[in-house]
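Peer 1: Dropping a structure here in structure tokens format, bear with me for questions.
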Amino acid sequence: MIDKLLQRRPMLACMLALALVGGCTAPSGAPADVSSAHSHDVKLAYVDWSSCSDATHVVKAVLEQEGFRVKTVLLTGAAMYSALAQGDADATVCAWLPSTHAAYYARAQDRLINLGPNMAGTRIGLVVPDYVSIDTIDQLAAHADRFGHRIVGIDPDAGEMGIARKAIETYQLPLKLVEGTDASMAAALGRAIGARQWIVVTGWTPHWMWARWKLKYLADPKGSFGGAEDIDTLVRKGLQHDKPRAYTILDGFRWTSAQMQQVMATGRQPGADADENARAWVKAHPELVSGWISGGVDTRTGAK
């Protein structure tokens, strides 16, 4: 008798299974139950670039404002894409495309959803202080000794580092690419500028170092570093169904380099806390944030 009842009432069967074994799957064609606590948990993946960290904390602050519990996970570039593709993370706002993260994206793009650029007009390349008297990458070879025969880089897994290695080969540069982190690269740059020494680093825009020091990109006549890029928002497949509110906010997130620089400027102050800094910036920009929450406004055009 109960078997027939459960066949006619699949949701009752589900409830009974839940009571007995702690879980169940909704019958085919029925909507998933997203009212559980897990529907309010969001995991954001990011890499150790100041631009990526600041953007991630701003999005975290907005999601938390809307009632989500947010966990941020620091990963290498390759691991970030793998985590999204495998469903171990919900989203990232740190995809530099089409060039910097091209290899990572190519391996995972069929298992991701690209929500498009959250920032346009970014750039990567080799950067020197403005007092350095060369202007192009191909001039590095003739002055390798002045640079200590090295280019100061960031984490070895970063897409920019792979591009820099190829540029060294393309230009046949007698310089070694030194691995490090965003922080160690910036520290080395600061020390060199303080001593008025020549230094070349792997750099990008936006980054707080442009506001602190007078710098310039070395021209890239062979196009090794590509042209202007965007920073895209990527989410795992299924997020729109599982957490539609979070998906809407992530899809709506759009800002400019100038707006990011505001977050960077305060975030570099002594004793600054990334989460508190992001919350303060979000609170100070209610109209912009409202656009993200309601489905997204392009801050460049005012259009959705």
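Those letters in the sequence shown? Residues -19 to -1, 1 to 285, by mature numbering (1 follows the signal peptide of the UniProt record, and there is no 0).
Backbone N, C-alpha and C define an ideal beta-carbon position, used for all residues, glycine too.
All values derive from a computational prediction rather than experimental measurement.
(1) Anyone know if the C-beta pair for Y27 and L55 falls short of 8 Å?
(2) Select from L156, Q90 and L25 the residue whose C-alpha is nearest the C-alpha of L107.
(3) Would you give the residue range spanned by the beta strand (DSSP E) that E210 belongs to?
(4) To the nearest angstrom, report how far apart S31 and A167 are at their CA atoms.
(5) Do you know whose CA, among I144, I174, P267 and R260, lies nearest T81's CA?
(6) List in chain order: all unbroken alpha helix (DSSP H) runs of 4+ residues lying wholly within the stretch 58 to 122.
(7) Buried or exposed: Y62, going by 16 or more other Cβ atoms within 10 Å of its Cβ?
(8) Would you call the stretch 102 to 121 in contact with the stretch 171 to 183, where contact means no fewer than 3 C-beta pairs closer than 8 Å?
(9) From the DSSP output, in three-state form, read off G276 for me.
(10) I need the straight-line Cα distance from I149 to M190, nearest angstrom please.
(11) Once DSSP output is grouped into helix, strand and coil, what is the label at R235?
(12) By Cβ distance below 7 Å, which residues in the same chain neighbour N95 in space, the five residues on each side in sequence not counted?
(13) Which residue comes first and which comes last in the beta strand (DSSP E) that contains A26?
(14) Classify G3: buried if its beta carbon has 16 or more other beta carbons within 10 angstroms, exposed otherwise.
(15) Since W179 and V113 should fall inside the 8 Å C-beta cutoff, what is the C-beta to C-beta distance between them, to a whole number of angstroms?
(16) Report the rounded CA-to-CA distance for G248 versus H188, giving the unit in angstroms.
(17) Going by the DSSP bridge assignment, what does T53 pair with across the sheet?
(18) Under 8 Å between the Cβ atoms of L199 and I132?
(19) Return the first residue and the last residue of the alpha helix (DSSP H) that K195 is part of.
(20) Between which two residues does the alpha helix (DSSP H) containing L170 stretch?
(21) So for W185, helix, strand or coil by DSSP?
(22) Would you say the stretch 241 to 258 touches the stretch 37 to 55, given that touching needs at least three Cβ pairs under 8 Å?
(23) Is it buried or exposed for A122, if we count other Cβ within 10 angstroms and need 16 for buried?
(24) Looking only at DSSP bridge pairs, what is I230 linked to?
(25) Residues in the same chain with beta-carbon distance under 8 Å from K52, minus the five sequence neighbours each way, listed in chain order, please.
(26) Which word fits L78, buried or exposed, when buried means at least 16 other C-beta atoms lie within 10 angstroms of its C-beta?
(27) Looking only at DSSP bridge pairs, what is K264 linked to?
(28) Quick one: grab the DSSP three-state call for I135.
(29) Does the Cβ-Cβ distance between L93 and A59 come in under 8 Å?
Peer 2: Result, derived from the coordinates:
(1) For Y27 and L55, yes; Cβs fall inside 8 Å.
(2) The residue among L156, Q90 and L25 with its C-alpha nearest the C-alpha of L107 is L156.
(3) Segment E210 to R217, the beta strand (DSSP E) holding E210.
(4) Per the coordinates, the alpha-carbon of S31 lies some 10 Å from the alpha-carbon of A167.
(5) Nearest of I144, I174, P267 and R260 to T81, Cα basis: I144.
(6) Annotation note: the stretch 58 to 122 contains the following uninterrupted alpha helix (DSSP H) runs of length 4 or greater, listed N- to C-terminal: 58 to 66 and 83 to 89.
(7) By the neighbour-count rule (16 or more Cβ atoms within 10 Å), Y62 is buried.
(8) With the cut-off at 8 Å, the stretch 102 to 121 and the stretch 171 to 183 touch.
(9) Coil, per DSSP.
(10) Straight through space, the alpha carbons of M190 and I149 are spaced by roughly 24 Å.
(11) Three-state result, R235: coil.
(12) The answer, listed in chain order, is D213 and L215.
(13) Where A26 is concerned, the enclosing beta strand (DSSP E) starts and stops at D22 to Y27.
(14) At G3 the pLDDT is 37, less than 50, meaning the model places this residue with poor confidence; the figure from the coordinates comes in the next sentence. In this structure G3 is exposed. Its beta-carbon is surrounded by fewer than 16 other beta-carbon atoms within 10 angstroms.
(15) In this structure, W179 and V113 form a Cβ contact; the two beta carbons are roughly 5 Å apart against a cut-off of 8 Å.
(16) One alpha carbon belongs to G248, the other to H188, and they sit about 12 Å apart.
(17) As DSSP reads the structure, T53 sits in a beta bridge with L25.
(18) A distance of 8 Å or more separates the beta carbons of L199 and I132.
(19) Per DSSP, K195 belongs to no alpha helix (DSSP H) and is neither H nor E.
(20) Its alpha helix (DSSP H) spans residues D163 to G175.
(21) DSSP, read as helix, strand or coil, puts W185 in strand.
(22) Yes, they touch.
(23) It is exposed - the Cβ of A122 has fewer than 16 other Cβ atoms within 10 Å.
(24) According to DSSP, which records beta bridges pairwise, I230 is partnered with nothing at all.
(25) Take K52, set aside five residues on each side of it, and the residues of its chain with a beta-carbon closer than 8 Å to its own are D22, V23, K24 and L25, in chain order.
(26) L78 should be labelled buried.
(27) None; K264 has no bridge partner.
(28) Shown here, I135 sits in coil according to DSSP, grouped into three states, outside any helix or strand.
(29) The answer is no: Cβ separation not under 8 Å.
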